Amino acid sequence: MKKTYPPIYYSDYLQLEKLLGSQSLKSDEYEAHAHDEMLFIIVHQAYELWFKQILFELDSVMEMFATENIEETNIGKCIARLRRITAIQRLLIEQISVLETMTPLDFLDFRDFLVPASGFQSIQFRIIENKLGLRPDSRITYNNKSYYSVVSNEHQEILKGSEKEKSFLELIDDWLSRTPFLNLEGYSFWEKYKACVEEQLMLDKGIIENNPSLSEEKKKKQLDEFEKTIEHFRCLIKEEKYNELVKSGQRKLSHKAFLAALFINLYRDEPILHLPFRFLNYCVDIDENFTTWRYKHALMVHRMIGAKVGTGGSSGHHYLLQTAEKHKVFRDLFDLSTYLVPSSARPELSESLKKELGFYFTFK
Ligand code: HEM
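Heads up: the sequence shown runs through residues 123 to 486, numbered per the numbering used here.
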């Protein structure tokens, strides 16, 4: 028998009375009505709602990744949810242009009423960063103080708690480190790969050495950079060397996880690697979208307040530009491309490995 449910009214279901009654203009309170303050409030509130949705999706993905054996169907679900996050992020980037219909002069009509509040205090934004894997030692400091020095005690506790939880980056590291194909006995894939990459890198070196348009000074600079790339690549193959990079903060992923991610990127056409490849690609998209948002926000801030300090007291757009560059979480996944070779130059996989990469096992 079909169950019946009591009828529900649109505005009750969405609690619109509460939602639409939550825009109180400070400029009205101070009897200095500023027309654009309504837009300013609504845009911020819309951001917070979308942050909530991002956290909802991220939490569900992290929950699925917290288990030792991640089912293949769940990887598909995670990909769909990460894709949703990227679609929301595009909206968040676009939303900046709505706020930019407010001119700097219009903003000045109510800006002073807001001190010292700032988006810098957005707890949901900080929780997203922490959940993704941004750790306190990687943060740009704010007036030489911790980022939670400007939020309430209650919020500080929430943020400290979220720093201690296992991050998405750490969960991905665990998952990648468990990939079964990295340790196939008797198959020295990485030695073969090393030879292929070194050959490619030497071709690159030749291009620099024989470039007639480079001055000797520029050539030397590029060759020095090139030597660093080679050195980093050698570290990749030698675990102890690689671990030194992790210790010095130059790498976040563990050695095993980094190699697994590289392998997935190289052989993404093998059926079993399709989904892991798409998954990693969405992680890079999420980082790229947040970076784009940070740049656009920094530009908007420059345009709105010029070289003034922010309402929260930071060095305004200078601080924000730095976070755009430094607060990437999946930097290692971006860096993988340094070590890719064209498909035609990849080492042939051994028969046993090829067999393993068919649909023989579940990617754990
Ligand atoms: C007129 C518009 C805006 C101005 C002038 C502005 C200005 C600033 C400034 C100067 C900062 C640095 C901290 C400070 O000193 O206050 C900041 C940080 C921040 N703002 Fe905005 N903002 C605006 C709109 C927004 C909007 C719509 C959001 C959406 C939630 C937002 C979110 C943030 C976040 C999350 C931070 C911290 C960024 C980080 O630390 O990486 N802002 N904002």
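C-beta: ideal position from N, C-alpha, C; glycine also.
Values in this document were obtained by computation on a predicted structure and should not be read as measured data.
In this model, Ile164 and Leu213 are separated by some 15 Å (Cα to Cα).
For Glu331, the closest of Val319, Glu347 and His377 by C-alpha to C-alpha distance is Glu347. At a threshold of 7 Å, Arg257 does not count as near the ligand HEM, since its beta carbon sits no closer than that to any of the ligand's heavy atoms. In this structure, DSSP gives Tyr417 a helical state, which the three-state scheme calls helix. Residues of the same chain with a CB within less than 8 Å of the CB of Tyr364, apart from the 5 flanking positions on each side, are Cys357, Leu358, Arg373, His377 and Phe380 in chain order. DSSP, reduced to helix, strand and coil, places Lys267 within a strand of the structure shown.
Looking only at Ser260, Gly283 and Leu298, the smallest Cα-Cα distance to Asn191 is reached by Leu298. Of Ile250, Pro302 and Asn265, the smallest CA-CA separation from Leu281 is found for Ile250. One thing to note: Lys430 has its Cβ within 8 Å of the Cβ of Gly438.
In the DSSP assignment, His377 falls within the alpha helix (DSSP H) that extends over His377 to Leu388.
Note on geometry: alpha-carbon atoms of Tyr389 and Thr301 lie some 14 Å from one another. The segment 167-187 makes no contact with the segment 224-231; the number of CB pairs closer than 8 Å stays below 3. The beta carbons of Tyr269 and Tyr441 sit about 11 Å from each other, so the pair does not count as a contact at 8 Å. Cβ-Cβ distances below 6 Å link Leu147 to Glu159 in the same chain, with the five nearest sequence neighbours on each side left out; the list follows chain order. In the three-state scheme derived from DSSP, where H, G and I count as helix and E and B as strand, Thr195 is classed as helix. According to the DSSP assignment, Ala317 belongs to the alpha helix (DSSP H) that extends over Phe311 to Glu331. One alpha carbon belongs to Asn411, the other to Ala209, and they sit about 10 Å apart. Closest by C-alpha distance to Tyr152, out of Gln444, Asp234, Met184 and Val220, is Asp234. With contacts defined by Cβ atoms closer than 8 Å, Val272 and Phe242 form a contacting pair. For Ala168, the uninterrupted alpha helix (DSSP H) segment begins and ends at Glu159 to Phe187. Taking C-beta atoms under 8 Å as the contact rule, Val319 and Tyr461 qualify, at a distance of about 6 Å. Here the C-alpha atom of His155 lies approximately 55 Å from the C-alpha atom of Lys369.
When secondary structure is reduced to three states using DSSP, Leu138 falls in the helix class. Within the segment 435-473, the alpha helix (DSSP H) runs of at least 4 residues that lie entirely inside it are, in chain order, 439-448 and 453-457. Annotation: the segment 211-269 contains no complete segment of the beta strand (DSSP E) (minimum length 3 residues). Less than 8 Å separates the beta-carbon of Ile408 from that of Leu204. Nearest to Tyr315 by C-alpha distance, out of Gln278, Leu293, Glu285 and Leu384, is Leu384.
Residue environment for Phe290: buried (at least 16 other C-beta atoms within 10 angstroms of its C-beta).
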